[in-house]
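J.: Supplied in structure tokens, the structure appears directly below.
Numbering (the numbering used here), first residue to last: 507 to 892.
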């Protein structure tokens, strides 16, 4: 059980050391294949603290990344701990990542196959985590230097005829991350608290605020997410996600919201992304997106052929970016609403814990593309069940 739990978290135990699978091998459109290693002590060495580091090299961007962290378990049975880390790495520009989404095969894990806009991100971070009943909380402080790794300048009008253009940003941030799972159950496995799945929705909130006078420009950034999955008698199971965000002031693209589109040459279906939206096609300073999929269950079982029929709906609205200029930045905002629907057949081939299927999606509404065939997208679906 502990081995499976570690593997799902992306860690492979090697005696008193864990090999971080996510740091050892990865892929994104920007880096290409990323090779490296991440080694961290585990509870076999000491249950009071873990320490480790990683390095990686991108084959396409030809750049090294590295980092390290110290994690101290102050009160393991109550989920209280302190983490201090340093990283010289890259991060997604306009990222909408929120919540605990580092498990192998997660939606964010799959979405990284499509990401192309990155910043060099050098940061020091400290976080204090704790639990209060069904709430997991983190209080975070961070010092950060961001340098866009694409042709971009953030332009601000500072006077009547004065334009300040910058392409390197310094931030001092404080923030909080919350995860609330009503009536969820928690188990202590001897070294840490482990969440047991709940029948109720999961609420995630991330809030960041700059510290005045210690930052390139001041802003507040809020991101919220609600997810749920539930079964309906005789007609299958539904997955639902509602995501929204708001940034209060003028900010570089790094802290806007780059809408997660996954229509590209590499056609893999990713839930909580827009299947018919091109990568980097839309961005926003405020947005709300909703995704729903209903799986009617297995149609029949015959060896590896175990098809499941599902219907899908995605809707999103985005506000205009509250900036004077984003020099060299392409992209649109979606105030009028983005709409798409789809049909999926999961597990056309099912083997062990993995299944492969097919999906067809259609884009319609105010942002319908000129060529009708471009509004259709065809994708492979992957099902993982451990």
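All C-beta atoms in this analysis are idealised placements derived from N, C-alpha and C, irrespective of residue type, glycine included. Quantities reported herein were computed from a predicted structural model and do not represent experimental measurements.
Quick check: the segment 762–772 against the segment 715–722, are at least 3 beta-carbon pairs closer than 8 Å?
T.: Segments in contact, no.
J.: Locate the beta strand (DSSP E) running through residue 530, then write down its first and last residues.
T.: From DSSP, residue 530 is part of no beta strand (DSSP E) but of the alpha helix (DSSP H) over 527–530.
J.: According to DSSP, is residue 880 helix, strand or coil?
T.: Looking at residue 880 - three-state DSSP - the assignment turns out to be helix.
J.: Tell me the start and end of each unbroken beta strand (DSSP E) in the segment 756–819 that is at least 3 residues and wholly inside, in chain order.
T.: Taking only runs of at least 3 residues, the beta strand (DSSP E) segments lying wholly in the segment 756–819 are 767–769, 780–784, 792–804.
J.: Nearest CA to the CA of residue 853: which residue from 838, 808, 884, 656?
T.: Ranking the options by Cα distance to residue 853, first place goes to 808.
J.: According to DSSP, what are the bridge partners of residue 855?
T.: In DSSP, residue 855 forms a bridge with 862.
J.: Thinking just about the alpha-carbon of each residue, which of 583, 729, 536 is nearest to the one in residue 605?
T.: Of the listed residues, the one whose Cα sits closest to residue 605 is 729.
J.: Return the CA-CA distance between residue 836 and residue 802, expressed in angstroms with no decimal places.
T.: So the alpha carbons of these two residues sit roughly 40 Å apart.
J.: Round the Cβ separation of residue 601 and residue 575 to the nearest angstrom and send it over; I've been treating them as touching at under 8 Å.
T.: Not really, about 19 Å apart at Cβ, beyond 8 Å.
J.: For residue 673, collect the residues of the same chain with a Cβ closer than 8 Å to its Cβ; drop the 5 residues on either side in sequence, then sort them by chain order.
T.: Excluding positions up to five away in sequence, the list reads 653, 654, 658, 659, 660.
J.: Using a 10 Å radius around the Cβ and a threshold of 16 neighbouring Cβ atoms, would you call residue 522 buried or exposed?
T.: Counting Cβ neighbours within 10 Å, residue 522 comes out exposed, since fewer than 16 surround it.
J.: Is the segment 776–796 close to the segment 611–629, with three or more CB pairs under 8 Å?
T.: Judged by Cβ distances under 8 Å, the segment 776–796 makes contact with the segment 611–629, as three or more pairs qualify.
J.: Tell me whether the beta-carbon of residue 761 lies closer than 8 Å to the beta-carbon of residue 749.
T.: Against a cut-off of 8 Å, the Cβ pair of residue 749 and residue 761 comes out as no contact.
J.: Excluding sequence positions up to five away, which residues of its chain have a Cβ less than 6 Å from the Cβ of residue 792?
T.: Counting only Cβ-Cβ distances below 6 Å, and skipping sequence neighbours, we find 752, 825.
J.: May I ask you to report which of helix, strand or coil DSSP gives residue 615?
T.: DSSP places residue 615 in helix when its eight states are reduced to three.
J.: Going by the DSSP bridge assignment, what does residue 701 pair with across the sheet?
T.: Residue 701 pairs with 692.
J.: To the nearest angstrom, how far is it from the Cα of residue 734 to the Cα of residue 790?
T.: Taking the straight line from one Cα to the other gives about 25 Å.
J.: Distance, Cα to Cα, residue 621 vs residue 860?
T.: Going by the C-alpha atoms only, they are around 24 Å apart.
J.: Helix, strand or coil, according to DSSP, for residue 584 in the structure here?
T.: If DSSP states are grouped into helix, strand and coil, residue 584 belongs with the helices.
J.: Can you give me the C-alpha to C-alpha distance between residue 518 and residue 880, rounded to a whole angstrom?
T.: Distance between the alpha carbons of residue 518 and residue 880 is about 42 Å.
J.: Please name the residue or residues paired with residue 519 in a DSSP beta bridge.
T.: Note: residue 519 sits in a beta bridge opposite 524.
J.: Looking only at its own chain, which residues have a Cβ that is under 6 Å from the Cβ of residue 883, when we skip the five neighbours before and after it?
T.: Around residue 883: 769, 781, 782, 867.
J.: Measuring CA to CA, which of 644, 707, 740, 648 is closest to residue 679?
T.: Among 644, 707, 740, 648, the Cα nearest to that of residue 679 belongs to 648.
J.: Is residue 563 helix, strand or coil when you go by DSSP?
T.: Residue 563 falls in the strand class under three-state DSSP.
J.: What's the C-alpha gap between residue 709 and residue 847?
T.: C-alpha separation (whole angstroms): 25 Å.
J.: Could you check the C-alpha separation between residue 564 and residue 550 for me, to the nearest Å?
T.: Approximately 32 Å between the Cα atoms of the pair.
J.: Could you name the residues of the same chain whose beta carbon sits closer than 6 Å to that of residue 707, not counting the 5 residues immediately before and after it, in chain order?
T.: If we look at residue 707 and ignore the five residues flanking it on each side, its Cβ neighbours are 732, 734.
J.: Which of helix, strand or coil does DSSP assign to residue 845?
T.: Correct three-state label for residue 845: strand.
J.: Using CA atoms only, rank isn't needed, just tell me which of 585, 794, 685 is closest to residue 820.
T.: The option with the nearest alpha carbon to residue 820 is 794.
J.: Could you have a look at residue 507 and say whether DSSP puts it in helix, strand or coil?
T.: Legend: pLDDT at residue 507 = 48, less than 50; position of this residue unreliable, value from coordinates given subsequently. Coil at residue 507, not helix or strand.
J.: Using DSSP with H/G/I as helix, E/B as strand and the rest coil, what is residue 661?
T.: It is a strand residue.
J.: Figure out for me which residue from 685, 603, 624 has the closest Cα to the Cα of residue 643.
T.: With distances taken between Cα atoms, residue 643 lies closest to 685.
J.: For residue 845, count the other beta carbons within 10 Å of its own beta carbon; 16 or more makes it buried, fewer makes it exposed. Which is it?
T.: It counts as buried.
J.: By how many angstroms is the C-alpha of residue 724 removed from the C-alpha of residue 572?
T.: So the alpha carbons of these two residues sit roughly 28 Å apart.
J.: Reducing DSSP to helix, strand and coil, say where residue 555 ends up.
T.: In this structure, residue 555 counts as strand in the three-state DSSP scheme.
J.: Can you tell me the Cα-Cα spacing of residue 578 and residue 876, whole angstroms?
T.: The alpha-carbon atoms of residue 578 and residue 876 are separated by roughly 56 Å.
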